[in-house]
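Colleague: Here's a structure for you.
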Amino acid sequence: MAEIELKDIIKEENIVYKKSNIILDRTMHYCPGCSHGVTHKLVAEVIEDMGIQDQTIGVSPVGCSVFAYNYLDIDWQEAAHGRAPAVATAIKRLLPDKYVFTYQGDGDLASIGAAEILHACNRGEHIVCIFVNNAIYGMTGGQMAPTTLVGMKTATTPYGRDIDRNGYPLKITELIAQLPGTCYVTRQSVDTAAAVRKTKKAIRKAFENQRDKKGTSFIEVVSTCNSGWKVDPVKANQWMRDHMFKFYPLGDMKDATRDNPADYEQYIKEEK
Amino acid sequence: MGELRLMKGNEVLAEAAIRAGVDGYFGYPITPQSEVMETLMLRKPWEETGMVVLQAESEVASINMVYGGAACGKKVMTSSSSPGYSLMQEGISYLAGAELPCVIINVSRGGPGLGTIQPSQADYFQVTKGGGHGDYHVIALAPNSVQEMSDFMTLAFDLAFKYRCPAVILSDGAIGQMMEKVYLSDFVPRRTEEQIRKDCGEWCTLGSKRHNVITSLELDSVVMEQRNIALMKKYAEMQKEARYEAYMTDDADYLFVAFGTASRICKKSIEMAREKGIKAGLFRPITLYPFPTKALYEIGTKMKGILSVEMNAGQMVEDVKLAVECKVPVEWAGRNGGIIPSPDEVLEALETKIIGGK
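In order, the protein sequence lines correspond to chains A and B. Mapping the first sequence onto the working numbering, position 229 (from 1) lands on 229, and the numbers just tick up by one. Mapping the second sequence onto the working numbering, position 147 (from 1) lands on 419, and the numbers just tick up by one.
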């Protein structure tokens, strides 16, 4: 039997998976096992699938994903800590036909930027907000975040998060779902192939909502930080399923356009 | 000359912005400048020019909205007063770091803290020395009339875009609140996306296949230092933009140095001084940054003494001393807490601190 050479296999018709053209050829700085890489990939794929590369402006936060702008081949603005929704508000208002999204972690969005995210969502800015919640400050070395679970050990809660000392973990996505400006609020994860597919669908839906000017779409991605949590990636995923999903259950919290499309249209009319 | 109107300083800022073809205003209410946004909301420029006017949730949000708009190459602005201007410092530092053009108006009031809502010039240090973290400067223009509130809008945007640097109009509660006649400038249409791309040389994030990135972050110290050096060069280049007004300085023995509201008081003091046979003149910095150091040296060193008249505890006096290299006596006189000094007080200070002070 003739030898099969690699060049005979690498052919257009044999391609089953391809890196998105939006992803730049750079080595990511994220730790192996981190959820940011997959989430970045999904955003890139949606932008590519929709053919909106030259119409999209991303706003990156302060935190691990500050360098998101190094990985996706679109225009980017790097915002001050927590202010991405304010920055995105202005971009979208001044360029209403462009696609604008924010990408923030839990410290950036739910702590220092709590005011900006709530007000941008409440105004119903036509933007997409992607919220990566790994319950810890990764970049600064694993300190307590607003979303850190009770009892969870971090650099600033070395004996575990204590309610009396540190207060409760903040379910900010539940708060945001109550705001009339949001049209789609969902909580997803990227720990399995099925979850990745669901998150991609959610991101796609969010960008389509923006195209159709339906209001703010908000996607929380419950994520791991194996470096910050000080476990290996496999254990981090298991810990997330066992603990994070209980406090932060996955699924759509609000889909105004799907659940009650007629009511939603009526609501928007009345509001205006 | 354009249309003649009788208007409040703050209202003129709003009108001038619309006429200058501004794309977006983002603000938060604070006394004594709330009329800026109120006037804009009443005027509804979005129906006329498409200008975006948005009331933000805070000054922190409004300055970051300015960042977002500026990074798109749009002509964007905000206005506030001292405590609100303090809240914007982080954002202004980011704007300076990312080299973004915008206009920020500070209709200042007395501090520290919540202070007073009355006019003050106590934000001189904060405006001229940077204000936020890191080494940077903003262009600072100091109007002393309602007319200049109008004229400086276009000038501020021109300088901001020329140097890709935030430009601040440092006014005060008196100029913001008072009414004067003003010749409004003619309407300039807002720029199209194509014009922005042409004018800005493609750096703006309007959506492109160029991977434009606006950021102030650089973790490599060697590269970051080069960025700092580039900024230093830009600020050095900017020095040629220094502007000033010299009033009755040709034959003067004594010089007042004052900006904004205080400079108007000094003009009256000069009139009174000359009636008494004291030849006084005024040097009015119009740009507080770049400070007109060279011109002040040339004029100031010919004097017997200089009095820096300020509505603060003595801030600009430091730059005046540096400008004349302490070759002539320099003193400070002024009032605090939102009080405007009277022409008599200023003249008395000249007589006691400078003329009789030797």
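Positions of the beta carbon are idealized from the N, C-alpha and C atoms, including for glycine. Being a predicted model, the structure only gives us computed values, none of them experimental.
Please report the residue range of the alpha helix (DSSP H) in which Glu420/B lies.
Modeller: Looking at the DSSP string, the run of the alpha helix (DSSP H) that includes Glu420/B is Val418 to Tyr435.
Colleague: Output the distance between the C-alpha atoms of Ile468/B and Asp164/A, rounded to the nearest integer angstrom.
Modeller: Cα to Cα, the separation comes out at about 54 Å.
Colleague: Taking only beta-carbon atoms, is Ala80/A less than 8 Å away from chain B?
Modeller: With 8 Å as the cut-off, Ala80/A counts as an interface residue toward chain B.
Colleague: Shortest alpha-carbon distance to Met253/A belongs to which of His40/A, Asp73/A and Cys183/A?
Modeller: Among His40/A, Asp73/A and Cys183/A, the Cα nearest to that of Met253/A is on Cys183/A.
Colleague: Please classify Asn226/A as buried or exposed, where buried requires at least 16 other C-beta atoms within 10 Å of its C-beta.
Modeller: Buried, since its Cβ has 16 or more Cβ neighbours within 10 Å.
Colleague: Going by C-alpha to C-alpha distance, which of Ile127/A, Pro61/A and Lys230/A sits closest to Ile219/A?
Modeller: For the residues Ile127/A, Pro61/A and Lys230/A, the minimum Cα distance to Ile219/A belongs to Ile127/A.
Colleague: So with Cβ pairs under 8 Å, would you call Val46/A a contact of chain B?
Modeller: Taking Cβ atoms only, chain B never reaches closer than 8 Å to Val46/A, which makes this a no.
Colleague: List the whole-angstrom C-beta distance separating Val100/A from Phe207/A, where the pair is believed to meet the contact cut-off of C-beta under 8 Å.
Modeller: That pair is no contact at about 10 Å.
Colleague: Express the C-alpha separation of Ile627/B and Arg462/B in angstroms, rounding to a whole number.
Modeller: Rounded to whole angstroms, Arg462/B to Ile627/B spans 53 Å at the Cα level.
Colleague: Quick check on the burial criterion: 16 or more other C-beta atoms within 10 angstroms. Buried or exposed for Ile364/B?
Modeller: Under this definition Ile364/B is a buried residue.
Colleague: Comparing C-alpha positions only, which one of Ile302/B, Pro304/B and Val324/B sits nearest to Leu312/B?
Modeller: Of the candidates Ile302/B, Pro304/B and Val324/B, the one whose C-alpha sits nearest the C-alpha of Leu312/B is Val324/B.
Colleague: When the cut-off is 8 Å and only beta carbons count, does Thr186/A lie next to chain B?
Modeller: So, not an interface residue.
Colleague: Could you tell me whether the Cβ atoms of Lys7/A and Gly479/B are closer together than 8 Å?
Modeller: Not closer than 8 Å, so no.
Colleague: Residues of the stretch 469-500 of chain B in Cβ contact with chain A at a cutoff of 8 Å, in chain order, please.
Modeller: So the close ones are Thr477, Leu478, Gly479, Ser480, Lys481, Arg482, His483, Asn484, Val485, Ile486, Thr487, Ser488 and Leu489.
Colleague: Using C-beta distances below 8 Å, list every residue in its chain close to Thr273/A, excluding the 5 sequence neighbours before and after it, in chain order.
Modeller: Residue coverage of chain A in this structure runs from 1 to 272, which leaves residue 273/A outside it and unanswerable.
Colleague: Taking a contact to mean a Cβ-Cβ separation below 8 Å, would you say Glu513/B touches Leu579/B in this structure?
Modeller: Not closer than 8 Å, so no.
Colleague: Using the C-alpha atoms, what's the distance from Ile23/A back to Leu179/A?
Modeller: Near 33 Å, if we compare the C-alpha coordinates of Ile23/A and Leu179/A.
Colleague: Check whether the Cβ of Ala502/B lies closer than 8 Å to any Cβ atom in chain A.
Modeller: Not an interface residue.
Colleague: What does a CB cutoff of less than 6 Å around Thr521/B pick up in its chain, not counting 5 residues either side in sequence?
Modeller: Taken in chain order, the residues that qualify are Gly553 and Ile571.
Colleague: Check whether the Cβ atoms of Thr154/A and Gly142/A sit closer than 8 Å, and answer yes or no.
Modeller: A contact, by the Cβ cut-off of 8 Å.
Colleague: Is it right to say Lys481/B is buried, meaning 16 or more other beta carbons lie within 10 angstroms of its own, or is it exposed?
Modeller: Under this definition Lys481/B is an exposed residue.
Colleague: Taking the C-alpha atoms as reference points, what is the distance between Ala80/A and Pro438/B?
Modeller: Using only the alpha carbons, I get a separation of about 16 Å.
Colleague: Measuring CA to CA, which of Asp525/B, Met588/B and Gln419/B is closest to Thr400/B?
Modeller: Nearest of Asp525/B, Met588/B and Gln419/B to Thr400/B, Cα basis: Met588/B.
Colleague: What whole-angstrom Cβ distance do Ala114/A and Gly340/B have, given they're in contact under 8 Å?
Modeller: Contact flag wrong, Cβ pair sits at about 19 Å.
Colleague: Classify Glu275/B as helix, strand or coil using the three-state DSSP reduction.
Modeller: Residue state, collapsed to three classes: coil.
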